[in-house]
Structures are given as structure tokens and as C-alpha cells.
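My numbering puts the sequence shown at residues 966 to 1152. Glycine is no exception: its CB is placed at the ideal position from the N, C-alpha and C atoms. See below for the structure under consideration.
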Amino acid sequence: MAGISRTGWLVAAGLLAVFAAILFEMGRPPICPCGTISLWHGVVQSNQNSQQISDWYSFSHVIHGFIFYGVLRWILPHRPLWVPLAIAIGIEAAWEILENSPIIIDRYREVTMAYGYSGDSILNSVSDAIFMMIGFIAASRMRWWVTVAIAIIFELFTLWAIRDNLTLNVLMLVSPVEAVKEWQSGG
């Protein structure tokens, strides 16, 4: 399997720059309002969650990359790898922009364990897209069953560690279950 060409990396960098500019125009803070930059922040119920370079939800973004790779390579099997990667970045950026809109921020506060969620910093959103890219590229180099196994491990690990994962996040955003919300809250 061929890697990503120089053109592909330039397109990816350009898409990330446009994405960051859109978030800036939306009024998102460039970094955590606390004024610090950390490689990892592991406390979900805190004002630094979704503000730093990585957090528990970074695992979900790697899984996004796995999913986007599988679907886009199935749809576009003969395109250079950078083409589906660029599409994946566009999808991830669109989600991050939507996720940082008032309607989704309010929805997270209402139906998930993210009670004080105020949206992501630009640093975190761009990092989320980079984690998706890591997942996408990793999936392009692994056998499909290894990718699936890693996704399951990530889901189970984050479920155990923080009582949340990609599956529950989607469930609670789309069709909230009060018993799940109580369990996630430690009840």
C-alpha cells in the first residue's frame, strides 16, 4: 500500500488550517481558557476536558479514522490514499464545527455526562482531527481484523476508565437513556 504523497500532506495541512480558522471565527478559544497547554488531561469532569492536546476522547477520534478508512476505501478503492484521507479530514472537521455549535454543546449538557461542557479549544479540535488521521493511516497499514480488535479494546478500555466511549457518546447524543446517564454519573 502506497503512503500519502507530498500533495496529500499539503492538502491535509491546508484543510486543518482552514478548519482552525473557521473555529477561530466561531469564537472558540485557541487554547484552554486556563492558560496552560498539556499533552494529556485525564479528568473528564473538569474545565480542562476537551481543551488540551489529548484526553480520554482521543481514543474515539482514532476509531473515527478506522471507520473513515474502511468506508472510504470501500467507496473509493482506486483513488490515491490522500483523496479519502482528505475527505475524512473534511468529515471530521465538519463534525468538530457542529460539535462546537451552541445546539450540540447544549445537547451534550442536557443528555450526557458532560454537564459543564462548553465546547472544545481550537487546539483540542485540531488535535482530534490529527488523532483521526493517525487512526486512518494506521488502518491503512493493518489487517482489518487488527483494526477491529484495537477499536474494541479502545471502546472497552475507555468504558472501564471513564464510563464513556464512542458507542455511548453516539447513543446518548441521538437517543439518550436515563439509566446510562445515571450509571455514567456514578449512580
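Measure the alpha-carbon distance for residue i versus residue j and round it to whole angstroms.
i: residue 1073; j: residue 1025; result: 16 Å
i: residue 1028; j: residue 1083; result: 23 Å
i: residue 987; j: residue 1112; result: 32 Å
i: residue 1038; j: residue 1102; result: 12 Å
i: residue 966; j: residue 1045; result: A caution first: residue 966 carries a pLDDT of 49, below 50, which makes its placement in the model unreliable, though a value can still be read off. Distance between the alpha carbons of residue 966 and residue 1045 is about 10 Å.
i: residue 980; j: residue 1054; result: 7 Å
i: residue 1128; j: residue 1079; result: 12 Å
i: residue 1150; j: residue 1085; result: 21 Å
i: residue 1003; j: residue 1020; result: 10 Å
i: residue 974; j: residue 1064; result: 25 Å
i: residue 978; j: residue 1075; result: 35 Å
i: residue 1049; j: residue 1007; result: 31 Å
i: residue 1119; j: residue 1109; result: 15 Å
i: residue 1148; j: residue 992; result: 34 Å
i: residue 1042; j: residue 971; result: 20 Å
i: residue 1000; j: residue 1096; result: 23 Å
i: residue 995; j: residue 1090; result: 10 Å
Ends of the alpha helix (DSSP H) at residue i?
i: residue 1067; result: 1067-1076
i: residue 1124; result: 1109-1127
i: residue 1131; result: 1131-1139
i: residue 969; result: Looking at the DSSP string, residue 969 is not in any alpha helix (DSSP H), and its letter there is neither H nor E.
i: residue 1093; result: 1087-1106
Secondary structure at residue i, three-state DSSP: helix, strand or coil?
i: residue 1060; result: helix
i: residue 1149; result: helix
i: residue 993; result: coil
i: residue 1004; result: coil
i: residue 1084; result: coil
i: residue 987; result: helix
i: residue 982; result: helix
i: residue 1009; result: coil
i: residue 1153; result: Here the chain comprises residues numbered 966 to 1152, so residue 1153 is not present and cannot be evaluated.
i: residue 1144; result: helix
For residue i and residue j, which I take to be in contact (beta-carbon distance under 8 Å), what is that distance rounded to the nearest angstrom?
i: residue 976; j: residue 1051; result: 5 Å
i: residue 1138; j: residue 1077; result: 7 Å
i: residue 1145; j: residue 1136; result: 7 Å
i: residue 1031; j: residue 985; result: Not a contact, Cβ separation roughly 24 Å.
i: residue 1088; j: residue 1040; result: Not confirmed; about 31 Å, so no contact.
i: residue 1023; j: residue 1093; result: 7 Å
What ranges does the alpha helix (DSSP H) occupy inside the segment 1022-1063, keeping only unbroken runs of at least 4 residues that lie completely in it? 1023-1040
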